[in-house]
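With full-length UniProt numbering, the residue at position 104 of the sequence shown is 104, and numbering never jumps. Idealized CB from N, CA, C, for every residue including glycine. A quick note: this is a predicted structure, and the numbers were derived from the prediction, not measured. What follows is one structure encoded as structure tokens, with my remarks underneath.
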Amino acid sequence: MTAEPSDAQKKYLQSIQKRKYWILAAQVFLLLGFLAVWEFSVEKGYLNGFIFSSPCRVVQCFYTMLKDQSLFLHLGITLLETFASFALILCLTLGVSILLWWCKPLADILEPYLVVLNSLPKSALAPILIVWLGNNMKTIIITAISIAVFGSILNLYQGFRKVDPDRLILIRTLGGSKRDCLLLAVIPSCIPLFVSLMKVNIGLSLVGVIIGEFLAARAGLGYLIIYGSQVFKMDWVMMSIILLCLIAMLLYKLLHVTEKYFLKKI
Numbered sequence: 001m002t003a004e005p006s007d008a009q010k011k012y013l014q015s016i017q018k019r020k021y022w023i024l025a026a027q028v029f030l031l032l033g034f035l036a037v038w039e040f041s042v043e044k045g046y047l048n049g050f051i052f053s054s055p056c057r058v059v060q061c062f063y064t065m066l067k068d069q070s071l072f073l074h075l076g077i078t079l080l081e082t083f084a085s086f087a088l089i090l091c092l093t094l095g096v097s098i099l100l101w102w103c104k105p106l107a108d109i110l111e112p113y114l115v116v117l118n119s120l121p122k123s124a125l126a127p128i129l130i131v132w133l134g135n136n137m138k139t140i141i142i143t144a145i146s147i148a149v150f151g152s153i154l155n156l157y158q159g160f161r162k163v164d165p166d167r168l169i170l171i172r173t174l175g176g177s178k179r180d181c182l183l184l185a186v187i188p189s190c191i192p193l194f195v196s197l198m199k200v201n202i203g204l205s206l207v208g209v210i211i212g213e214f215l216a217a218r219a220g221l222g223y224l225i226i227y228g229s230q231v232f233k234m235d236w237v238m239m240s241i242i243l244l245c246l247i248a249m250l251l252y253k254l255l256h257v258t259e260k261y262f263l264k265k266i
């Protein structure tokens, strides 16, 4: 049987719960206050509604594009490109990291190149990719992959190298192979690191997709932003930015829940 918490413990838990409510209330109040000031400033003429748009105009734009179903096309394409690039980043990160751990000479050869590629501004690669691959979805996905994959490989490979050597020696002593070391010690020890990299990479995938859509897209939220800014349809731009913020928040929350689930299993 579990002992009943004391009055002091109950009071402490209540204070923590109240603090969470206060923080949530402050966050909501800050958001609503920003929207109210934005709308008021446009309505009173302090801000130019043609340039800055307004919350009401953004909602109206959202409703119009929802009604004619054009929003589903742009939103669906951006999400498809984001998930495709994210899945490929995870596969490449895990596969290449395992290969580098398995073959130490190969890791010594490739590590300086991975560092250079990770430091290279990826927006500089996008025009080259357009010339090589054309103005299509493939270019956008590869642009997104290039933003995250090199840093992820380096981080996961370093995590593999830091696995407790005593565990590896024990597996070897008991007759285990290098494959057993990988499956029984290296990968299980690095699951928290891998899940943390997933949380980072989902945001980087979205950023990479938007960069790619700026340069090589005919649809998508990035396309709406760049095209809307060119023809001064700022309602499109603001609506797309708000949707990207919501998508990023939801994806991060999804992976945060996934991380908590995996950490409980370990």
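In this structure, does DSSP put residue i in helix, strand or coil?
i, result
"Gly220", "coil"
"Tyr46", "coil"
"Ser146", "helix"
"Val163", "coil"
"Val231", "coil"
"Met1", "Low local confidence applies: a pLDDT of 46 at Met1 is under 50, so the model's placement there is unreliable, with the coordinate-based value given in what follows. Here Met1 sits in coil by DSSP."
"Asn136", "coil"
"Leu184", "helix"
"Gly208", "helix"
"Ser76", "Here residue 76 is Gly; the residue named in the question, Ser, does not match the sequence. Reduced to three states, the DSSP call for Gly76 is helix."
Mind checking residue i: buried by the 16 CB within 10 Å criterion, or exposed?
i, result
"Met1", "Bear in mind that the predicted position of Met1 carries a pLDDT of just 46, short of 50, making it unreliable; the figure below should be weighed with that in mind. When all chains shown are included, Met1 counts as exposed."
"Glu213", "buried"
"Tyr223", "buried"
"His74", "buried"
"Asn201", "buried"
"Phe29", "exposed"
"Thr139", "buried"
Could you spell out the range, first to last residue, of the alpha helix (DSSP H) harbouring residue i?
i, result
"Val115", "104-119"
"Gln60", "55-67"
"Leu133", "126-133"
"Cys190", "Note, Cys190: premise wrong, no alpha helix (DSSP H); not H, not E."
"Lys178", "178-181"
Using CA coordinates, which residue listed in the options is at the minimum distance from residue i?
i, options, result
"Val115", "Val231, Cys103, Ile153", "Ile153"
"Leu100", "Glu111, Cys91, Leu90", "Glu111"
"Leu221", "Leu215, Ile210, Gln230, Val231", "Ile210"
Would you check if the stretch 92-99 and the stretch 153-168 touch, i.e. whether three or more CB-CB distances between them fall below 8 Å? Of all C-beta pairs linking the stretch 153-168 to the stretch 92-99, three or more are shorter than 8 Å, placing the two stretches in contact.
Looking at C-beta atoms only, is the number of pairs between the stretch 79-89 and the stretch 131-150 that lie closer than 8 Å three or more?
yes
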